[in-house]
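Q: Before anything else, here's the structure in question.
Number of protein chains: 2
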Amino acid sequence: MKDYTIFELGDVVLQCGLTLRDAKLAYKTFGTLNADKSNVIVYPTWYSGQHYDNEWLIGSGMGLDPEEYFIIIPNMIGNGLSSSPSNTPQPYDKSRFPHVTFYDNVAMQHRLVTEQFGIENIALVIGWSMGAGQTYQWAVSYPDMVERILPFCGSARTSLHNIVFLEGVKFAIQTDAAWHGGWYEEQPMQGLRAVGRVYAGWGLSQAFYREKLYEPMGYSSLEDFLVGFWEGFFLKKDANNLLAMLWTWQNGNIGNTPGFDGNFEQALASIKAKAIVMPGQTDLYFPPEDNEYEVKHMPNAEFVAIPSIWGHFAGGGINSVDTEFIDRHVKALLAS
Amino acid sequence: MKDYTIFELGDVVLQCGLTLRDAKLAYKTFGTLNADKSNVIVYPTWYSGQHYDNEWLIGSGMGLDPEEYFIIIPNMIGNGLSSSPSNTPQPYDKSRFPHVTFYDNVAMQHRLVTEQFGIENIALVIGWSMGAGQTYQWAVSYPDMVERILPFCGSARTSLHNIVFLEGVKFAIQTDAAWHGGWYEEQPMQGLRAVGRVYAGWGLSQAFYREKLYEPMGYSSLEDFLVGFWEGFFLKKDANNLLAMLWTWQNGNIGNTPGFDGNFEQALASIKAKAIVMPGQTDLYFPPEDNEYEVKHMPNAEFVAIPSIWGHFAGGGINSVDTEFIDRHVKALLAS
Numbered sequence: 001m002k003d004y005t006i007f008e009l010g011d012v013v014l015q016c017g018l019t020l021r022d023a024k025l026a027y028k029t030f031g032t033l034n035a036d037k038s039n040v041i042v043y044p045t046w047y048s049g050q051h052y053d054n055e056w057l058i059g060s061g062m063g064l065d066p067e068e069y070f071i072i073i074p075n076m077i078g079n080g081l082s083s084s085p086s087n088t089p090q091p092y093d094k095s096r097f098p099h100v101t102f103y104d105n106v107a108m109q110h111r112l113v114t115e116q117f118g119i120e121n122i123a124l125v126i127g128w129s130m131g132a133g134q135t136y137q138w139a140v141s142y143p144d145m146v147e148r149i150l151p152f153c154g155s156a157r158t159s160l161h162n163i164v165f166l167e168g169v170k171f172a173i174q175t176d177a178a179w180h181g182g183w184y185e186e187q188p189m190q191g192l193r194a195v196g197r198v199y200a201g202w203g204l205s206q207a208f209y210r211e212k213l214y215e216p217m218g219y220s221s222l223e224d225f226l227v228g229f230w231e232g233f234f235l236k237k238d239a240n241n242l243l244a245m246l247w248t249w250q251n252g253n254i255g256n257t258p259g260f261d262g263n264f265e266q267a268l269a270s271i272k273a274k275a276i277v278m279p280g281q282t283d284l285y286f287p288p289e290d291n292e293y294e295v296k297h298m299p300n301a302e303f304v305a306i307p308s309i310w311g312h313f314a315g316g317g318i319n320s321v322d323t324e325f326i327d328r329h330v331k332a333l334l335a336s
Numbered sequence: 337m338k339d340y341t342i343f344e345l346g347d348v349v350l351q352c353g354l355t356l357r358d359a360k361l362a363y364k365t366f367g368t369l370n371a372d373k374s375n376v377i378v379y380p381t382w383y384s385g386q387h388y389d390n391e392w393l394i395g396s397g398m399g400l401d402p403e404e405y406f407i408i409i410p411n412m413i414g415n416g417l418s419s420s421p422s423n424t425p426q427p428y429d430k431s432r433f434p435h436v437t438f439y440d441n442v443a444m445q446h447r448l449v450t451e452q453f454g455i456e457n458i459a460l461v462i463g464w465s466m467g468a469g470q471t472y473q474w475a476v477s478y479p480d481m482v483e484r485i486l487p488f489c490g491s492a493r494t495s496l497h498n499i500v501f502l503e504g505v506k507f508a509i510q511t512d513a514a515w516h517g518g519w520y521e522e523q524p525m526q527g528l529r530a531v532g533r534v535y536a537g538w539g540l541s542q543a544f545y546r547e548k549l550y551e552p553m554g555y556s557s558l559e560d561f562l563v564g565f566w567e568g569f570f571l572k573k574d575a576n577n578l579l580a581m582l583w584t585w586q587n588g589n590i591g592n593t594p595g596f597d598g599n600f601e602q603a604l605a606s607i608k609a610k611a612i613v614m615p616g617q618t619d620l621y622f623p624p625e626d627n628e629y630e631v632k633h634m635p636n637a638e639f640v641a642i643p644s645i646w647g648h649f650a651g652g653g654i655n656s657v658d659t660e661f662i663d664r665h666v667k668a669l670l671a672s
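Just so you know, the protein sequences line up as chains L and D, in that order.
Every letter in the first sequence is one number past the one before it in the numbering used here, and letter 264, counting from 1, is 264.
Adding 336 to a residue's 1-based position in the second sequence gives its number in the numbering used here.
As structure tokens, then:
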């Protein structure tokens with residue numbers, strides 16, 4: 001039984017000029033849309049995550065409370081449930097899947113929200129990592145529609161260092177001969193395992209490993225963590241999907257929203273939503289400094305770092321202390 | 337014309353139990369050994385570096401002044417000049433090259449210093465990165481011989497996070513089918529390029545990229561830097577040599593010196609040399625915190641971080657500000 005719904009978008013012309021034909025947006029909702037449609041929260045997914053991976057931040061008594069709010073989780077294009085290299089028919093399958101930006105993603109999500117549900121205002125857009133990228137994009141693309149945003153462990157423009165980190169991920173896949181330029185029939189398993197190893201050092205902080213926090217997670221050794229968590233994590237993914245989303249990530253920049261002509265600071269200044277911008281204090285590829293710069297250019301934003309040694313995964317929902325910290329600020333932002 | 341000398345070690349029994357037969361230690365010296373042999377500096381090489389890569393810290397008027405000191409640069413085992421997978425005859429060639437520790441390296445360097453030159457005291461051992469690892473090892477293996485040490489951008493024990501970072505490097509090589517388990521006839525070029533991409537994010541800091549410091553280095557874009565500097569850097573290396581040195585690095589731990597039974601803190605406490613321990617403030621794989629811990633356990637050590645955004649490459653000799661900072665402290669330590 002599928003626990004999600006497909007919204008049929010038809011043919012969607014993308015920023016890159018290509019058309020994503022019969023585009024599909026997979027989504028899941030929680031709670032009930034109230035009479036005046038004022039209780040809407042949009043919560044996009046992250047790099048390779050699918051809607052169920054977001055559910056840890058939703059619950060009765062939490063900020064994202066389905067008894068109070070109507071929460072929509074749209075699956076990012078390329079994540080295997082929405083239109084992706086792995087599920088798109090020829091000739092746009094696999095390596096020919098077109099480049100999709102955060103702007104494109106949010107334009108499709110906007111159609112879901114307006115055409116399917118008739119929603120005109122969104123109380124909150126929130127997201128982790130690439131979900132944060134989509135969150136900023138919502139606030140820039142639809143400034144009069146989005147009341148609040150809470151991007152966590154992400155950025156409004158992918159930094160050069162972050163782009164470099166992702167080059168390592170990309171080359172880990174592409175170095176596997178089994179990748180075959182994307183025209184594989186079976187996944188490039190060695191490449192996916194290599195991605196796991198490359199990612200392992202970036203996803204968590206130096207201090208996480210120093211304190212062996214993988215042990216209380218149930219891993220018996222460092223190698224057990226590398227195989228069990230990191231290789232296992234990426235072996236479940238499709239290589240072309242990972243590469244498609246990686247392109248989206250590397251090209252993240254709200255300055256490239258039509259009308260801003262690449263001007264990042266002007267795009268930040270255009271955000272009307274009340275914002276809490278929340279990096280992880282020890283995030284190695286979305287370092288707090290980049291968010292501090294953003295907040296300086298946003299009219300109504302507060303900078304709040306998660307005091308955690310879980311690196312990027314401070315926002316991953318794995319440890320309860322960080323989850324409670326995030327949830328407390330979600331509640332405060334929604335109440336304001 | 338070779339600018340280095342080979343010291344023939346004969347058969348060397350290693351910590352791992354295997355024998356490195358007809359072992360060779362390549363070295364270069366600068367300056368003249370004085371009459372009482374009191375002006376000796378040992379300056380080991382780093383991951384894939386060769387003796388000439390160390391010369392930027394040597395010069396007239398600098399701390400490492402060949403007019404005053406007799407400076408020996410021993411090439412690390414596995415670096416392509418000393419015994420290495422690439423230059424060792426069958427059956428110990430390529431993938432069968434035995435595992436060599438920092439302890440083994442320093443034992444061989446000690447034989448060079450004592451047997452070849454009759455040296456009994458060393459004024460200073462200094463090294464960057466894996467050279468720092470050998471520096472600590474000198475102070476632990478020969479506490480009564482080493483008067484001063486200045487390990488920079490390195491550690492006395494390879495941290496778990498550092499081990500994880502190196503897993504990404506290792507898998508980048510091994511994922512290339514052309515690696516053939518080490519039995520290649522031609523270098524696995526894609527794997528070496530992938531290593532360059534993986535390394536690029538780790539070697540320099542987030543701030544280095546944020547400020548585009550590759551531009552004043554002469555690179556016209558980020559991609560130009562990735563190809564020209566990072567891929568170019570590793571394409572010159574031998575894949576099995578990189579893997580051999582990587583094993584040495586991952587297994588770095590002065591606590592595994594015979595007599596200490598794995599007790600890292602006891603090994604640190606045994607160091608008699610006066611020390612300046614000098615991390616790069618923004619080094620991502622040798623973070624300052626690990627050195628702070630070390631200094632607490634060393635009897636006569638000062639912690640001095642290089643205030644630089646060049647990450648690990650604060651100690652790479654590329655930028656003059658960091659070089660001057662290091663040199664100033666070399667002078668101060670030698671004068672003390």
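Glycine included, every Cβ here is placed at the ideal spot set by N, Cα and C.
Keep in mind it's a predicted model, so treat the numbers as computed, not measured.
Skipping 5 residues on each side, what residues in its chain have a beta carbon closer than 6 Å to that of L/Met62?
A: Asp327
Q: Round the Cβ separation of D/Ser419 and D/Ile413 to the nearest angstrom and send it over; I've been treating them as touching at under 8 Å.
A: 6 Å
Q: Could you have a look at L/Val100 and say whether DSSP puts it in helix, strand or coil?
A: coil
Q: Check whether the region 468-484 of chain D and the region 173-193 of chain L are in contact - that is, three or more C-beta pairs closer than 8 Å.
A: no
Q: Decide if the region 96-113 of chain L is in contact with the region 14-29 of chain L; the criterion is three or more beta carbon pairs, one per stretch, under 8 Å apart.
A: yes
Q: I need the straight-line Cα distance from D/Ala536 to D/Ser644, nearest angstrom please.
A: 17 Å
Q: Buried or exposed, going by whether 16 or more other CB atoms sit within 10 Å of the CB of D/Pro594?
A: exposed
Q: Quick one: list the residues of chain L neighbouring D/Phe639, beta-carbon separation under 7 Å, in chain order.
A: In chain order: nothing, as chain L lies at least about 17 Å away.
Q: From the DSSP output, which residues share a beta bridge with D/Asn576?
A: Looking at the DSSP assignment, D/Asn576 forms no beta bridge with any residue, so it has no partner.
Q: Please decide whether L/Pro287 counts as near chain D, where near means a Cβ-Cβ distance under 8 Å.
A: yes
Q: Can the beta-carbon of D/Glu630 be found closer than 8 Å to that of D/Leu604?
A: yes
Q: Flag this pair as yes or no: are the beta carbons of L/Asn54 and L/Tyr43 separated by less than 8 Å?
A: Note that the C-beta distance between L/Asn54 and L/Tyr43 is below 8 Å.
Q: Alpha carbon to alpha carbon, what distance is there between L/Cys153 and L/Gly311?
A: 9 Å
Q: Let me make sure I understand the geometry here. Which of D/Val348, D/Ile377, D/Ile342, D/Leu369 has the alpha-carbon closest to that of D/Tyr363?
A: D/Ile342
Q: Taking D/Val500 as the query, report the chain L residues whose CB atoms sit under 8 Å from its CB, ordered along the chain.
A: Arg197, Ala200, Gly201, Tyr209, Leu222, Leu226
Q: Cβ of D/His633 less than 8 Å from any chain L Cβ?
A: no
Q: Given a limit of 9 Å on CB to CB distance, which residues of the region 474-507 of chain D reach chain L?
A: Ser495, Leu496, His497, Asn498, Ile499, Val500, Phe501, Leu502, Glu503, Gly504, Val505, Lys506, Phe507
Q: Please report the straight-line C-alpha distance between L/Val169 and D/Glu547, rounded to a whole angstrom.
A: Taking the straight line joining both Cα atoms gives about 23 Å.
Q: Could you check the C-alpha separation between L/Asp93 and D/Ala543 for me, to the nearest Å?
A: 38 Å
Q: Relative to the C-alpha of L/His297, which residue among L/Val321, L/Gly59, L/Gly255 is closest?
A: The residue from L/Val321, L/Gly59, L/Gly255 with its alpha-carbon nearest to that of L/His297 is L/Gly255.
Q: Can you tell me whether L/Ala23 is buried or exposed, with buried defined as 16 or more other CB within 10 angstroms of its CB?
A: buried
Q: What runs of the alpha helix (DSSP H), each 4 residues or longer, lie entirely inside the region 463-491 of chain D?
A: 466-477
Q: Alpha carbon to alpha carbon, how far is L/Gly316 from D/Pro624? Give it in angstroms, no decimals.
A: Computed Cα separation, rounded: 26 Å.
Q: Mind checking whether D/Leu361 and D/Pro410 have CB atoms under 8 Å apart?
A: Yes; because the gap between Cβ atoms is below 8 Å, this pair is in contact.
Q: Spatial neighbours of D/Trp583 within its chain, please: C-beta separation below 6 Å, excluding the five flanking residues on both sides.
A: His435
Q: Give the interface partners of L/Asp176 over in chain D, defined as CB-CB distance under 7 Å, in chain order.
A: In chain order: Thr511.
Q: D/Gly527 versus chain L: which residues are under 8 Å apart at the beta carbon?
A: Thr175
Q: Who pairs with L/Tyr27 in a beta bridge, going by DSSP?
A: L/Thr5, L/Pro74
Q: Take every Cβ of the region 574-583 of chain D, pair it with every Cβ of the region 611-626 of chain D, and state whether three or more of those distances are shorter than 8 Å.
A: no
Q: I need the boundaries of the alpha helix (DSSP H) containing D/Ala605, first residue and last residue.
A: 600-605
Q: Counting along the chain, where does the alpha helix (DSSP H) carrying D/Ile509 start and finish?
A: 496-510
Q: Between the C-alpha atoms of D/Gln445 and D/Gln586, what's the straight-line distance to the nearest angstrom?
A: Each residue's alpha carbon lies about 20 Å from the other.
Q: For L/Leu243, which residues in chain D fall below 9 Å Cβ to Cβ?
A: Going along chain D, no residue has its Cβ under 9 Å from L/Leu243, so there is no contact; the nearest lies around 14 Å.
Q: Can you pull out the residues from the region 575-607 of chain D whose beta carbon lies closer than 8 Å to at least one beta carbon of chain L?
A: none
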